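Enquirer:
Residue numbers (our numbering), protein chains in the order written: chain P, -7 to 91; chain R, -7 to 91.
#1: According to DSSP, simplified to helix, strand and coil, what is residue 0 (chain R)?
#2: Buried or exposed for residue 171 (chain R), please, with buried defined as at least 16 other CB atoms from any protein chain shown within 10 angstroms of its CB.
#3: Can you grab the Cα-Cα spacing for the pair residue 71 (chain R) / residue 9 (chain R), in whole Å?
#4: Starting from residue 49 (chain R) and walking both ways along the alpha helix (DSSP H), at which residues does that stretch end?
#5: Within 10 angstroms of the Cβ of residue 36 (chain R), are there 16 or more other Cβ atoms? Answer buried if so, exposed if not.
#6: May I ask you to list, following chain order, the residues of the region 60 to 91 of chain P that have a beta carbon less than 7 Å from some beta carbon of chain R?
#7: Given a cut-off of 8 Å, decide if residue 67 (chain P) and residue 24 (chain P) are closer than it, judged by their beta-carbon atoms.
#8: Could you check whether the Cβ of residue 7 (chain R) sits closer than 8 Å to any Cβ belonging to chain P?
#9: Mind checking which residues open and close the alpha helix (DSSP H) that includes residue 9 (chain R)?
#10: Residue 31 (chain R) touches chain P at which residues, Cβ-Cβ below 9 Å?
#11: Does the region 14 to 22 of chain P come close enough to the region 46 to 64 of chain R that 3 or more CB-CB pairs lie under 8 Å?
Structure follows, in structure tokens:
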């Protein structure tokens, strides 16, 4: 499994972020070709440090499926929409291995 | 699903970290009661920002299973071992929802 993780910072306006994120952005994500599973969570930190405000994980079969998705017009629309969300984000990708 | 995420910073000595992590820490994690799945990845950042050096995700059926695990002697041993790893970490927990 190859995963794209998107971690959002605390928004300037959480209520506006949540409305736009869940009513507009999440439905757009469902159109991404090759997407096998998606999860969302609003975590709480355990111990020192800071948790992201929201974590989205988009899973693909392998890196080739992910690269094809990244080149798709659907992902282009998702990225353009994400840029209008009122929160910074960090994205990273990686191959998952089981424990 | 209720998830504990552990994100490690870049270690002062990555080779030492990797050896201790995969040969000592990961086998300890397998003993945690109620643990349903574990994944590890060494991600790469996409765009601006910094990716964690290593991400571990420990999944439990629900928050009660997680709380029971946190109170177990096995998790105590895992936490004590993690404190000897040569890298800082941030941990957070959250209920996962599907997209």
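Note that CB positions come from ideal geometry on N, CA and C, so glycine has one too.
Model, not experiment: these values are computed from the prediction.
Expert: Considering the structure as presented:
#1: strand
#2: Any answer about residue 171 (chain R) is impossible in this case: the structure gives chain R only from -7 up to 91.
#3: 15 Å
#4: Run containing residue 49 (chain R): none in the alpha helix (DSSP H); it sits in the beta strand (DSSP E), 46 to 52.
#5: exposed
#6: 82, 83, 84, 85, 86, 87, 88, 89, 90, 91
#7: yes
#8: no
#9: 6 to 12
#10: -7, -5, 88, 89, 90, 91
#11: no
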